[in-house]
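**Student:** The structure follows.
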Amino acid sequence: MSLEIRISQVQDRLRQACAAAGRETTDVELLPVSKRQPESLIREAMAWGFKRFGENYVQEAASKAPALPEADFVLIGPLQSNKAKLALQTFVEIQSVDRLDLAQRLDRIAQELGVVRPAWVQVDLWGEATKLGGCAGPQLPELVGFLSKSNHLPLQGFMAIPPPGNMAAFQELAGLRADWRQRLGRDLRLSMGMSGDLEAAVAAGSDQIRVGTAIFGSRKEPGKAGLR
Ligand SMILES: *Cc1c(COP(=O)(O)O)cnc(C)c1O
1 MSLEIRISQV QDRLRQACAA AGRETTDVEL LPVSKRQPES LIREAMAWGF
51 KRFGENYVQE AASKAPALPE ADFVLIGPLQ SNKAKLALQT FVEIQSVDRL
101 DLAQRLDRIA QELGVVRPAW VQVDLWGEAT KLGGCAGPQL PELVGFLSKS
151 NHLPLQGFMA IPPPGNMAAF QELAGLRADW RQRLGRDLRL SMGMSGDLEA
201 AVAAGSDQIR VGTAIFGSRK EPGKAGLR
C-alpha cells in the first residue's frame, strides 16, 4: 500500500474520531513516527505536508537529520543523560523527560547552547517505566514543578504510552492533565494515542497522536538497522 493511501486512511480515522468526540480535526496534531524508517519515506511524507517527525533514538535521528534539513524531529524515546547534549542539538522538542536529574541537565545544557526546547513530561501510571521510561506518580510533582519554571525547556504537557488495551488509561491521563491545569493555572497538552488506539485517545482528549506503522508500514528490525 502506498504512503499516500496510508496517510489518507489515518487522516480519515482522525477526522472520524474528532467528529465522534465533537472536536475539531485541527485541534489534534498528527505526528508521524519515523523511527527505523528510511530517509526516503520521510521525504515522501514531507511532500504530503508533514514537517515534524517523532523519532525514538537520538543517534538514529542525528544521523538522518543532515539529509533532511527541512524536517523537525521530536524525541519520543527514552533519553540517556549522556546523550542530553546531542538530543538538544538534534530535536526541536523533547517529549520523554521523565526524571528530575535529566530535566536539570537538559536545562543547564540548553542554557549553555542558547536554545529553547519545548518539553513534555513522560508519565507512567502503570508500572511500565522499566521498559518504556516514564515518571511514576510520586516523582511527578517535582519534575512538573521544575519544568513549569524553566525558560529553556518550556512545559508543554504530558506524554504517555499506556499499556495496550488499557482504555481507562487515557481517562486517567485526562484526569492528571486536568489536575495540573488547575494547579498551574495554565493550559497543558496531552500526547497519547498511537496506530492501534488513536480513536480512544482522541475521545479522551488527546491533543497529539503519534502514529508510526499505520503511516509508514512495518519497521526494520532494531538490530539490523544498526542505528541505535
Ligand atoms: C513507536 C512509537 C509510536 C508509534 O507506534 P505505532 O504503533 O507504530 O503507531 C508512538 N509513540 C512512541 C513513544 C513510540 O515509541
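At position 40 of the sequence shown (counting the first as 1) the number is 40 in our numbering, and the numbers step up by one without a gap. Positions of the beta carbon are idealized from the N, C-alpha and C atoms, including for glycine. Please read all numbers here as calculations on a predicted model, not as lab measurements.
1. So, with DSSP's three-state summary, where would you put G137?
2. Tell me whether the beta-carbon of F158 lies closer than 8 Å to the beta-carbon of A103.
3. List in chain order: all unbroken alpha helix (DSSP H) runs of 4+ residues lying wholly within the stretch 126 to 188.
4. Determine the direct distance from the alpha carbon of V116 to that of A62, and round the result to whole angstroms.
5. Output needed for A203: all residues of its chain with C-beta closer than 8 Å, excluding positions within five of it in sequence on either side, in chain order.
6. Taking 7 Å as the line, does the beta carbon of R166 fall inside it for any heavy atom of ligand 1?
7. Tell me which residues pass a beta-carbon proximity test against ligand 1: closer than 7 Å to any heavy atom, given in chain order.
8. Could you give the uninterrupted runs of the alpha helix (DSSP H) lying entirely in the stretch 55 to 80, keeping only those of 4 residues or more?
9. If we call anything under 8 Å between Cβ atoms a contact, is I94 one with A67?
10. Rounded to a whole number of angstroms, what is the C-alpha to C-alpha distance between R15 and E112?
11. For the stretch 127 to 141 against the stretch 187 to 195, do three or more pairs of beta-carbon atoms, one drawn from each stretch, fall closer than 8 Å, so that the two count as touching?
12. Considering only C-alpha positions, which residue in the set L188, A214, E172 and S218 is nearest to A201?
**Tutor:** So, from the listed chains and residues:
1. Of the three classes helix, strand and coil, the one that applies to G137 here is helix, per DSSP.
2. Not in contact: F158 and A103 (Cβ atoms no closer than 8 Å).
3. Entirely contained in the stretch 126 to 188, the alpha helix (DSSP H) runs reaching 4 residues are, in chain order, 129 to 132, 140 to 149 and 168 to 184.
4. CA-to-CA, the gap between A62 and V116 works out to about 18 Å.
5. If the five residues before and after A203 are omitted, its C-beta is found closer than 8 Å to the C-beta atoms of A17, A20, A21 and F170, all from its own chain and listed in chain order.
6. The displayed chain sequence assigns Asn, not Arg, to residue 166. Ligand 1 never approaches N166 closely enough for any of its heavy atoms to be under 7 Å from the residue's Cβ.
7. Qualifying residues come out as V33, K35, G54, N56, I76, G77, I161, M194, S195, G196, R210, V211, G212, T213 and A214.
8. Taking only runs of at least 4 residues, the alpha helix (DSSP H) segments lying wholly in the stretch 55 to 80 are 58 to 64.
9. The answer is no: Cβ separation not under 8 Å.
10. Linking R15 to E112 through their CA atoms gives a straight-line distance of about 42 Å.
11. Taking 8 Å as the limit for Cβ pairs, the verdict is that the stretch 187 to 195 does not touch the stretch 127 to 141.
12. Checked all of L188, A214, E172 and S218; the closest Cα to A201 is E172.
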